[in-house]
Amino acid sequence: MTLRVTPGPSADRAHQVSARHDYQLVKDSLPRVRAAALAWRNGVGALLAGLIGFGLLKGRTDVGQLASPYDAVVGLLLLAALLAGTTAAVLLLRAAHGRPAATAIKEYRAHGGGSALGADHAEALRAASALSRGVVLALSCTALLVAAVGTTWYGPAAKKPSVEILTPEGTRCGEVVRMASGLLTLKTDSGEVTLDLSRSTGMRAVDSCTPEASP
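Sequential numbering of the sequence shown, starting at 1079, is according to our numbering.
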């Protein structure tokens, strides 16, 4: 069986215009991706700087004020936000400025087919991939920060140590509000109670008040 190949019709002006358009599109792909990466880098950087630097995202200053396990959850969210933000910054810089290394001849021939246009197009594809992943991670970093701050806002506060006071009338238990002139004010489930310490027969610190110890 013989396969005969004959030349096709000559390229007309429409084909030439389409070929030039495709060539210019591929040629300009890397600068377009670089410019987009710079814009995203600046925009995401300004967003995070505004959220963090100007206090738009601000919760409790001390995570230790949260009850367990919410304090650990906030710590994990902040760690995840740090990792996501760092990785996003590296990817956006990679997309905007390329790798901090020279391109080897072997790699140039493997990815670019031996032509500068092919190598630039391959680099444009890698930069676009880094840009997409960097944007997703940057937005994830922002979401994690919002979740961490929201947890500090709405998470339950850690309970303060309680004091159990023994009096002739019975046992009183609650959180210490203030103490002055031998009078101790406790915060109990039924409100504040003031006790005369000179009449107490003993006291001890407890983790929580039992129902029978509360007034």
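In this text, a Cβ means the ideal position worked out from N, Cα and C, and glycines have one as well.
**Integer-rounded CB distance, given that LEU1157 should sit under 8 Å from GLY1304** = Since the first and last residues shown for the chain are 1079 and 1293, residue 1304 lies out of range.
**Asked** Can you tell me where the beta strand (DSSP E) with GLY1252 in it begins and where it stops?
**Response** Your numbering for residue 1252 matches position 174 in the sequence shown. From DSSP, the beta strand (DSSP E) with GLY1252 extends over 1248–1258.
**Message:** Nearest by alpha-carbon distance to GLY1196: which of LEU1108, ARG1082, THR1272 is it?
**Reply:** As a working note, residue 1196 is residue 118 in the sequence shown. Considering only alpha carbons, the answer is LEU1108.
**Prompt:** When you compare only the Cα positions, how much space is there between SER1240 and GLY1128?
**Reply:** Position 162 of the sequence shown, counted from the start, is the residue given in the question as residue 1240. Position 50 of the sequence shown, counted from the start, is the residue given in the question as residue 1128. Using only the alpha carbons, I get a separation of about 41 Å.
**Message:** Just to confirm the assignment, what range does the beta strand (DSSP E) spanning THR1164 have?
**Reply:** As a working note, residue 1164 is residue 86 in the sequence shown. It is not in any beta strand (DSSP E) - THR1164 instead sits in the alpha helix (DSSP H) that spans 1148–1175.
**Prompt:** What is the rounded straight-line gap between the Cα of VAL1224 and the Cα of CYS1251?
**Reply:** Position 146 of the sequence shown, counted from the start, is the residue given in the question as residue 1224. Position 173 of the sequence shown, counted from the start, is the residue given in the question as residue 1251. So the two alpha carbons sit approximately 38 Å from each other.
**Prompt:** Would DSSP call GLY1233 helix, strand or coil?
**Reply:** Taking the first residue of the sequence shown as 1, we reach residue 1233 at position 155. Three-state DSSP puts GLY1233 in coil, outside helix and strand.
**Request:** With DSSP as the reference, label THR1220 as helix, strand or coil.
**Result:** Counting from one through the sequence shown, the residue named residue 1220 turns up at place 142. In this structure, THR1220 counts as helix in the three-state DSSP scheme.
**Message:** In the DSSP output, what is LYS1265 paired with across the bridge?
**Reply:** As a working note, residue 1265 is residue 187 in the sequence shown. LYS1265 pairs with GLU1253, GLU1270.
**Prompt:** So ALA1283 is in the beta strand (DSSP E); what residue range does that whole segment cover?
**Reply:** Taking the first residue of the sequence shown as 1, we reach residue 1283 at position 205. ALA1283 -> beta strand (DSSP E) spans 1280–1284.
**Request:** Please work out which residues of its chain come closer than 8 Å, Cβ to Cβ, to GLU1242, disregarding the five sequence neighbours upstream and downstream, and give them in chain order.
**Result:** Counting from 1 along the sequence shown, the entry for residue 1242 is found at position 164. Sequence-distant Cβ neighbours of GLU1242 in its own chain, meaning closer than 8 Å and more than five residues away, are THR1249, ARG1250, CYS1251, MET1281, ARG1282, ALA1283, VAL1284, CYS1287, ALA1291.
**Asked** With a CB to CB cut of under 7 Å and the five nearest residues on each side skipped, what residues in its chain are close to SER1278?
**Response** For the purposes of this step, residue 1278 is identified with residue 200 of the sequence shown, where counting begins at 1. Counting only Cβ-Cβ distances below 7 Å, and skipping sequence neighbours, we find ILE1243, LEU1244, THR1245.
**Item:** Supposed contact pair LEU1264 and LEU1273 - C-beta distance, whole angstroms, cut 8 Å
**Value:** Working through the sequence shown from its first residue, we reach residue 1273 at position 195. Working through the sequence shown from its first residue, we reach residue 1264 at position 186. Confirmed, Cβ separation roughly 7 Å.
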